[in-house]
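Report on one structure; see the data block that follows.
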Amino acid sequence: MIVSDSLSVTREDAQAIDDCWNRIGIHGDKSCPLLVEHIHCRNCAVYSAAATRLLDRYALQQEDREQVATVVETDVKTRSLLMFRLGEEWLGLATRSLVEVAPLQTIHSLPHQRSRALLGVANVRGALVACLSLVELLGLDTTNNAASGARVMPRMLIIAARGGPVVVPVDEVDGIHAIDERILEAASQSGAQASAKYTRGVLQFKDRSLRWLDEEQLLSAVTRSLT
Numbered sequence: 001m002i003v004s005d006s007l008s009v010t011r012e013d014a015q016a017i018d019d020c021w022n023r024i025g026i027h028g029d030k031s032c033p034l035l036v037e038h039i040h041c042r043n044c045a046v047y048s049a050a051a052t053r054l055l056d057r058y059a060l061q062q063e064d065r066e067q068v069a070t071v072v073e074t075d076v077k078t079r080s081l082l083m084f085r086l087g088e089e090w091l092g093l094a095t096r097s098l099v100e101v102a103p104l105q106t107i108h109s110l111p112h113q114r115s116r117a118l119l120g121v122a123n124v125r126g127a128l129v130a131c132l133s134l135v136e137l138l139g140l141d142t143t144n145n146a147a148s149g150a151r152v153m154p155r156m157l158i159i160a161a162r163g164g165p166v167v168v169p170v171d172e173v174d175g176i177h178a179i180d181e182r183i184l185e186a187a188s189q190s191g192a193q194a195s196a197k198y199t200r201g202v203l204q205f206k207d208r209s210l211r212w213l214d215e216e217q218l219l220s221a222v223t224r225s226l227t
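Numbering (the UniProt record's numbering), first residue to last: 1 to 227.
Structure (structure tokens):
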């Protein structure tokens, strides 16, 4: 499910960084002489240096970029939210912050993590993309991560942070739904969790409580975690 072409940023990264792992490494023809020593590219200093350069790029983007003015919406009747689950909690995020819903990818940890929320990096179409934990950012408790009787497919959300796309793993995706603006307005003014971290409000959807995330606050937190 591709929502926008914001992944052009990752294509620029792929061109700027010598992605030897895709040419002669584990994802290429495996002719790299260092594979004998390291077994996998993620154990190589070249791969770690590329990941560090990616994270430095987020920091530079944040320093150089001014706050973009929020587009004023008029006469909007509904707003599209992506509904997804983390542990036992259902959350909604505005689709304008979403690049793509992708299959679960392997996350490669980094030797020197910059924050507790930073899980590592994932390979998205040959480019390294930072991977963050929304559980950590939101302060959620997922110890009782009980899935329903139906088949559940964990996914990865690629979201458009200010410095470039980032990947966040989620336990389940329900889909994109258009929600009446009046319902959202009421949700922002009430609810036991309305004052929770990075939350705009709480509403009832499909017989369950849904936490509507404040995308601006969340994306700012994402950027801080990378810089």
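Backbone N, C-alpha and C define an ideal beta-carbon position, used for all residues, glycine too.
Contact belief for residue i with residue j at Cβ below 8 Å, rounded distance in angstroms
i, j, result
"Arg79", "Leu184", "6 Å"
"Pro154", "Pro169", "6 Å"
"Lys197", "Leu134", "Wrong, their Cβ atoms sit about 11 Å apart, outside the cutoff."
Assigned exposure category for residue i - 16 Cβ within 10 Å defines buried
i, result
"Asp19", "buried"
"Glu100", "buried"
"Ile39", "exposed"
"Glu37", "exposed"
"Trp212", "buried"
"Leu210", "buried"
"Val72", "Here Val72 scores only 47 on pLDDT, less than 50, and its place in the model is too uncertain to base an answer on."
"residue 231", "Residue 231 lies beyond the residue range present for the chain, which begins at 1 and ends at 227; the question has no answer from this structure."
"Glu66", "Interpretation of Glu66 is limited by its pLDDT of 45, a score under 50 that renders its predicted location unreliable; no figure is taken from the coordinates."
"Arg42", "buried"
"residue 228", "Residue 228 falls outside the range modelled here, since the chain spans only 1 to 227, and no answer is possible."
"Ala130", "buried"
Whether residue i touches residue j by CB criterion (8 Å)
i, j, result
"Leu218", "Leu55", "no"
"Leu132", "Ala117", "yes"
"Thr142", "Leu98", "no"
"residue 228", "Asp174", "Lying before the first or after the last residue shown, residue 228 is absent from the chain, which here runs from 1 to 227."
"residue 234", "Ser48", "For residue 234 there is no data in the structure shown, the boundaries of the chain being 1 and 227."
"Glu215", "Leu34", "no"
"Ala161", "Val222", "yes"
"Arg208", "Trp90", "yes"
"Ala102", "Ile26", "no"
"Met156", "Leu119", "no"
"Glu172", "Val202", "no"
"residue 232", "Ile24", "The shown model of the chain, from 1 to 227, leaves out residue 232, and the question about it has no answer."
Could you pull out every unbroken beta strand (DSSP E) segment of at least 3 residues lying fully inside the UniProt domain "CheW-like" (78 to 224), listed in chain order?
78 to 86, 89 to 94, 98 to 103, 118 to 124, 127 to 132, 155 to 161, 164 to 170, 172 to 180, 199 to 205 and 208 to 213
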